[in-house]
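A.B. asks:
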Amino acid sequence: MKKYIRMIVGALLVLTFIVGCDDSFLDEKVLDAYAPATLKDKLGFEAAAIGLYNHFSTFLTTTDDQTILGMFQLGTDIVWNPMGRSNGLARPYHDYATLTSTDGASIRLWRYLYRLISNANILIKNAESGSIAGMTQQEIDAYNGEARFFRAYAYNMLATLYGGVPLVTEPVTQAKTDFVRASLSDVNNLIIHDLTFAVDHLPDIDQAKEARVNKSAARQLLAEVYLRTNQPSKAETLCTEIIESGNFSLIKQRYGDVSNPGDPFSDMFRVGKQRRTQGNKEVIWILEQENPTDVPNGSTGYPQQRRIWGAGYHDEPGMQPCDSLGGRGLTRMRLNNWVLYGLYPPGDMRNSRFSIHRQHYFNNTQSKFDNIRGKAVPYGKDTLFVLANNDTIKIFALDTVYKLAPYTLKWGHFDPRDVFGYGMWKDFVLMRLGETYLLRAEARFYQSNFSGAADDINELRIRANAPLVSASDITLDFILDERARELLAEENRRMTLVRTGTLVERARRLNGTTPLANGNIETTNGLQDFHTLLPIPQTEIDLNKDAVLEQNPGY
Amino acid sequence: MKKILFHTGGNLSNMFSRKILIYMRNALFLLFITAFNVFANDSYSQNTKVNLDMKDVPVAKVLSAIEEQSEFYFLFNARLIDVNRNVSVKAENAKISDILSTVFKNDNVDYIVYGRQIILSPKNLDAGETLFQQQIITGTVTDAASGEPLPGVNIVVKGTTQGVISDLNGKYSITVSSSNVVLVFSFIGYVTQEVPVAGKNNVDVALVQEIKELDEVVVVGYGTQKRSDITGSVASVSKERLSSIPVTNFMHAIQGSTAGLLVTQTSSVPGSSGVMQVRGVNSINANTSPFIVLDGIPFFGSTNDINTNDIESIEILKDASAVAIYGTRGANGVILITTKRGPKSQGKPMINYHTNIGMEQMSHVLKPMSPAAYVKKYADYMEQNGMTQTMVLPNSSEVDNYNAGITTDWLNEITQSGRFQEHNISISGGTEHIQYYVSGSHLDQDGVVKGYQYKRTSFRSNLDAKITDFLKIGASGFVTNNNYDGGRVNFLNGNAMSPYSVPRDSLGNYIIYPMYPELMFVNPLIGLTVQRKDRGLNLTGNGYAEITPGFLKGFKYRLNASYIYNITRFAQYTGRAYNDQSGTATLEDSQTDTWVIENIVSYTKDFGKHHFDFTGLYSAQKVEYFRGWSRATTFINDALAYYDLAAGTSQSNDSQGNIYTLASQMGRINYSYDSRYLLTITARRDGYSAFGANTSKYGLFPSVAVGWNIANESFMKNIAAINQLKLRVSYGETGNQAIGVNQTVTTASTVKYPFGRTALTGVLFSTMGNANLNWETTTGVNVGIDFGLFGNRVSGTAEVYKTQTSDILLRRNLPGITGYNNVWANLGRMQNVGLDFTLKTVNVQTDNIRWVTDLNFSTYKNEILELYGDGKDDIGNNWFIGHPLRIIYDYEKVGIWQEGEDVSQTDPVAKPGDLKFKDQNGDHKITADDRVIVGQRDPKWIGGMTNTFTYKNFNISIFLQTSQGGLKSNRDLTYADEAWRRNLPADFKYWTPENKSNYWPSLAAYKNYRGFQFAEDYSYVRIKDITLSYTIPKSFISRYKLEGLTVYISGRNLYTFTKWFGWDPEMTYYSRGWSDSSGSWENNYPPVRTISFGLNLGL
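Heads up: the protein sequence lines correspond to chains A and B, in order.
Read left to right, the first sequence gives residues 1 to 555 (the numbering used here).
Read left to right, the second sequence gives residues 1 to 1099 (the numbering used here).
#1: Quick one: is residue 300 of chain A near chain B, going by C-beta distance under 9 Å?
#2: Rounded to a whole number of angstroms, what is the C-alpha to C-alpha distance between residue 559 of chain A and residue 347 of chain A?
#3: Measure from the alpha carbon of residue 504 of chain A to the alpha carbon of each residue in A:76, A:206, A:66, then state which is nearest.
#4: Out of A:56, A:446, A:356, point me to the one whose CA is closest to residue 154 of chain A's CA.
#5: Following the continuous alpha helix (DSSP H) through residue 434 of chain A, name the residue where it begins and the one where it ends.
#6: With the cut-off set at 9 Å, would you say residue 201 of chain B and residue 340 of chain B are in Cβ contact?
#7: Start and end of the beta strand (DSSP E) containing residue 216 of chain B?
#8: With a threshold of 8 Å, are at least 3 pairs of Cβ atoms found where one atom belongs to the stretch 312-319 of chain A and the other to the stretch 440-454 of chain A?
#9: Mapping DSSP to helix, strand and coil, what is residue 443 of chain B?
#10: What did DSSP end up calling residue 360 of chain A once you bin it into helix, strand or coil?
#11: For residue 701 of chain B, decide whether its Cβ has a neighbour in chain A, counting only Cβ atoms nearer than 9 Å.
#12: Determine contact between the stretch 414-432 of chain B and the stretch 251-264 of chain B, defined as no fewer than three beta-carbon pairs at a distance below 8 Å.
#13: List the endpoints of the continuous beta strand (DSSP E) containing residue 761 of chain B.
#14: Which residue or residues does DSSP assign as beta-bridge partners of residue 165 of chain B?
#15: If you draw a straight line from the alpha carbon of residue 798 of chain B to that of residue 217 of chain B, how long is it in whole angstroms?
#16: Determine the burial state of residue 719 of chain B: buried for a count of at least 16 other Cβ atoms within 10 Å of its Cβ, exposed for fewer.
#17: Throw me the rounded Cβ distance for the residue 499 of chain B and residue 371 of chain B pair, which I believe falls under 8 Å.
#18: Does residue 872 of chain B come within less than 9 Å of chain A when only Cβ atoms are used?
#19: Got a sec, what are the start and stop residues for the alpha helix (DSSP H) residue 433 of chain B sits in?
#20: On a Cα-Cα basis, can you pick out the residue from B:1065, B:136, B:919, B:60 that is closest to residue 962 of chain B?
#21: Check the Cβ-Cβ distances between residue 327 of chain A and every residue of chain B, and say whether any is below 9 Å.
#22: At a CB-CB cut-off below 7 Å, which residues of chain B make contact with residue 33 of chain A?
#23: Among residues of its own chain, excluding the 5 on either side of residue 770 of chain B, which ones have a beta-carbon nearer than 8 Å to its beta-carbon?
#24: Is residue 411 of chain A close to chain B? Criterion is C-beta to C-beta, closer than 9 Å.
#25: Put residue 502 of chain B into one of helix, strand or coil per three-state DSSP.
#26: Measure how close the beta-carbons of residue 278 of chain A and residue 256 of chain A come, nearest whole angstrom, since I'm counting them as under 8 Å.
#27: Quickly, what does DSSP pair residue 1063 of chain B with across the bridge? List them, please.
#28: Using only the alpha-carbon positions, how far apart do residue 398 of chain A and residue 406 of chain A sit?
#29: By the 10 Å Cβ neighbour count, where 16 or more other Cβ atoms means buried, how is residue 386 of chain A classified, buried or exposed?
#30: Counting only beta-carbon atoms, is residue 417 of chain A nearer than 9 Å to chain B?
#31: According to DSSP, is residue 114 of chain A part of a helix, a strand, or is it coil?
#32: Do we get a CB-CB distance below 9 Å when we pair residue 295 of chain A with the residues of chain B?
#33: Closest to residue 1100 of chain B by CA distance: which of B:935, B:68, B:274 is it?
#34: Grab me the residues of residue 584 of chain B's own chain with a C-beta within less than 6 Å of its C-beta, minus the 5 sequence neighbours each way, in chain order.
#35: Just grab the DSSP bridge partners of residue 453 of chain B for me.
#36: Expressed to the nearest angstrom, what Euclidean distance is found between the alpha-carbon atoms of residue 984 of chain B and residue 380 of chain B?
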């Protein structure tokens, strides 16, 4: 017995000694995440590119604060804030007196863009690290171009909204806290260089996978950059290249499923018709969104566009969310009266009931509403209704001012499985030919080619059944008005107005500066010239402890 | 653990262990009345055989060896029996009586057996023997507390060897040479008293009992030590506290009980534990919770896995010397938990049954606004924002209910009366060769908020066996299953619900949005419709083998091997009733496999007054984690819940895994001379796989400690008031490895994006690695004094310490320009200077009444000394050199802007009712530059006080706990822009032009765009628990063959004194939208008051 015990103990001793002495015992191996070194082949490049799209989409799909998307629209010339509806991160963007360096939206946007730049830098560096087995130079350059497109996209947004910002063109591999702002022209040069490379190396739209960037998307972005940097002739050339590429055409006929009433313009914004493969030949760059219930990981968040643009009509007694009304909105922004009542000429398709919803009818299916269902919901006046069961409901004029105010249907979306609809599952139309004409019109305007500008605008007006314009009508303001007509709720209005230097003047003139409707509607407050540029985020200044990151003046 | 009985010193009061004192009086009584018939008719003592082979050792050693091998204890008076004389004994299978005959063959020593005691006495003992015929002093010696006579008291004429012993009635008679002599009265367990005769013939003396604790044996990590020999800072949680407080997690029992230990109870949800911190924060971002060691093996699992009833002792190692043996894991303190083991030679099994049944209710209710106040609040909101009120309440459903006069008491709807019951049974016993302790327990708890429940079932078996004379093996294992199943109420929404809303429709189904069309706050009860399985299982097995080879005396080798298997399962289904129209099922399983192997050698040597021991360790450990996750959505109906994920139309899944390893070597030397001078030297070398590839991955942590038992010095002998006095000084280094795996390599997370209705896999770089990442080192000095005064009626410990942490493991926030949010780095230095003070006083001590006060107090000052080596603060991270790490950096609120006040010179944007901040830099506007350090987050001091009163068999203990001087953000002071669309606490006030306040801002929208944190002082004093217990007299229960029966009633969280506004000052919670964090009222709720009844039965 004792002998066996001695043997067992001895064996255990030897065993522990062996385990303890193995040199590799303390090596660390990452099991469940990729390291940069493992991604240098075609599949690796592909994954890195998809990562860019994933991250790119996150600002569009964010749910951290529903109001944040309003930062690009509020405080400009097109929307007001119904009291209390955009009080989160977006608030300082119309209540400018409260826009400070600690602003929450500014830091989120900033960090989001630099994360995009960081990932693009890694892909670019890998692409330029020498030959990669199994890939042609053309394939490598295409990925390089794709990354450069996103890098330029991010820097263009930074340059437009913040001015000159720190230039980071290499992956940052260790802590760095001595960034300084580059000059605006250095940033612009990088953007132009990247986009020129992208134009040269990205595939044409039909060679590119759907929803991936392509040569024309790079051209369109570069055209916008050239306009911002006062090089209109180059911008015009790029626009012309897109228009004459033969790849795109304005949607002038209805297409796809036409069983529901509609018109060609609004067809482009219906789920199931947005993509090129679904018949939309106007779209240049689309970002796909899928309902995660049907396609796992079909989105990176729960996009809030419907909620911020759509009206909160369901809040009114006798109303409930439905498909034709675009689902359930929250009126976090309300189109201002200039847009609703002054912008569109009569008959303009872009103002049709399929694009801007203006009149509600009681639609609640509960039996107590039987006697009023189908009746028009009054707008702008207090009205009492007696229901079938003798209950009374009252529609207040004040409520209708924003709950029933006309709203765009471009972001309308309704899922019968989810009437309350947290997310909105439709594609993001990021670039389309309609805007190309507007960009070329702007480029021609800067070159005093007013008739050429009028021709471009008339291309859109022909499609929209709107009255045609002539060279004498063309001013920068007119072009910006036309952009609002065409691109309402699509474009980043703040970017456009900042780029054209018109934010302060147009916001004061068209949005107003005093509250309306007894304070129930806020317009803009405290907007000064320096607000054209956003504050450099205070935490970035604070964390960048080894160099001074200059704040923009005024903050 | 057997206690060591002998001291070589001559002081009577130090002669015996505390355990003996219990028997002493009975023993001496017997000494006098029993004839000295050796080994009276006791079959056990007759049959007990021992083996001894000792050469030239003190008699004390022989007695000690006999005690080791048997269940006997020796009792004797060292002044009368010479145990320092060296003898040699060789005996095989010899009777104890035979050995004693040999040892004392030339001495006049008699011995009797009484129970398990062997009492030694001089044969010529003769009370009242007369040596000098000059003057006879007589008197009676009594117990000061009870007044009862004390037999056997040693009475010596000071400065002579002349003495007598009091008789059975406490009477004595002694002849002295002069009337000026001083008599010294000494008796084991009592304070020695000196009384001048001063010409009297009759000297009556009442002796005071001495309270001794220094000789208890404490667990110190890789071994045990006598408390009197310890040089480091080791606090023990009193056993009484562990056994008498009915709690479900041991952390609740030790909260406030020990100086330097901060336990914060973050939740009252059944099955929740808490957060522990020893002596402040030593690390910035790395883990700051202490390292838990269970039965000598690093503990892996939830603290819930440890059954409080199984715990024998808890020791908390605090200073560098004590924790240095745990190397890279010691910096935050070490908590050693030892479970009960079977006793040696317990005749029959000890069966113990413990039950505890209780009720819970909210300890403090933050009542919501009444319906009328709620209506008024909305009207005030509309008015303050310049809006025209069209409806009496914001939502049409509320208006309907308002018109119909329907209200709901939502707090009543979401809460219930909480209850719990716990049953625990343990059986322990053993023979000389095998000892066992087995236990099983079951706990069942329903929380005060609906849907919260907790069940725990655990089994433990501890086994020790002596296989041969040189080999001892043991195994212990336990299984704990934790069950937190069930859909739960959303407490936050319950508080937010309008009183004019109803939970159910006419069919009895939950209305999803009771405040429709308000959709921000769903029905708080709807969570009850979620099918939810949430389990955790811990299977731990430890085995050891201990070899004590005969050829090398004092040498021991021990092999510990441990395997721990933790699994968790989470399954959840949300369906139509939860407003999930497609149905979603989620499954998550995780498994952690851990093994630990430890080789420990120890060697003990005594020569003369020198004691020496060495402990060496070589250990390795590996932890492997794996997790699988899957989800399916779009089910035909809700029937299958999570039992068939394939029934869902779309599936997604994920898995995750990581491994880390540790290799360690440790050495410790203890040296003591004459129990007066103590020295401990330790060093540990640790290697951790998660350190950077550019480093060696190894760290070395040395420490040294010295102790001086001043009370054992001869010059202290005559100071009767001082019973114990020990000075300890330690200095050493400890480490903190507590960073997670995979922090040293830049990695990309896998992400998805859909292209053509299929989500493709992408990678996104979001984690920056640092290949130079290494451990952080804390260097500390600790000076401590242990004292016992007035017969140890007053005893305690005072310690001051200073620690400095360098190369701090720090998750450093980076400018977003880098593309990353943060990176782990070794940076900077931080310091803690603190004081821990523990005091125990026995205020009243008589036979029937005893009142003991335990007090502990601790405070520390934490300070960042350096961050990046350039002397610059890091405002972005709120780290300021010269200030504590955890501070509130914010605007300074100085009041509320009132009407008519001029805002233009301070805050031009402000309106009446807005928060008024101090313009710190005087630039006439409030900007980020006006933020200042408002205060610290951690309390400035914490303390605890327990008063225990015992009257006969009744015992009542009252425990107060306090935390003072900390600030934290108070979420109940701001509901920001939600204030108008939800209900608020009834005591929530707001500024109005009519009802001006200089504290509460108005309800006007978007008041807080600067992100003011509303930090407030959360100091509090809490009556943490009161326990009243009654031990049924033995005379009564022995009729029913019971060993012991104690019943008690206990109340916890009875009352809190605080100025904090809200549910509770201790708990931190987050506002809406933080449901993923554990500190949200969406999945948590405030403290509860517990009243429980318990019963402890020994068979």
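Positions of the beta carbon are idealized from the N, C-alpha and C atoms, including for glycine.
These numbers were taken from a predicted model, which means no experiment stands behind them.
C.D. replies: Looking at the coordinates:
#1: Interface with chain B (9 Å Cβ-Cβ cutoff): residue 300 of chain A is included.
#2: Nothing can be reported for residue 559 of chain A: it is not among the residues displayed for chain A, which extend from 1 to 555.
#3: A:76
#4: A:56
#5: 433-446
#6: no
#7: Careful: residue 216 of chain B lies outside any beta strand (DSSP E) and carries neither H nor E.
#8: no
#9: strand
#10: coil
#11: No, no contact with chain A.
#12: no
#13: 758-767
#14: B:154
#15: Whole-angstrom Cα-Cα distance: 20 Å.
#16: Classification for residue 719 of chain B: exposed.
#17: 4 Å
#18: Yes - at least one Cβ of chain A is within 9 Å of the one on residue 872 of chain B.
#19: No alpha helix (DSSP H) holds residue 433 of chain B; DSSP gives it neither H nor E.
#20: B:1065
#21: So no, residue 327 of chain A is outside the interface.
#22: Listed along chain B, the residues sitting closer than 7 Å to residue 33 of chain A by beta-carbon distance are 742, 747, 748, 749.
#23: 692, 743, 744, 823, 824, 825
#24: no
#25: coil
#26: 6 Å
#27: Its beta-bridge partners do not exist; DSSP assigns none.
#28: 14 Å
#29: exposed
#30: yes
#31: Three-state DSSP puts residue 114 of chain A in a helix.
#32: yes
#33: Because residue 1100 of chain B is not part of the residues shown, which for chain B are 1 to 1099, the question remains open.
#34: 574, 633
#35: B:446
#36: 14 Å
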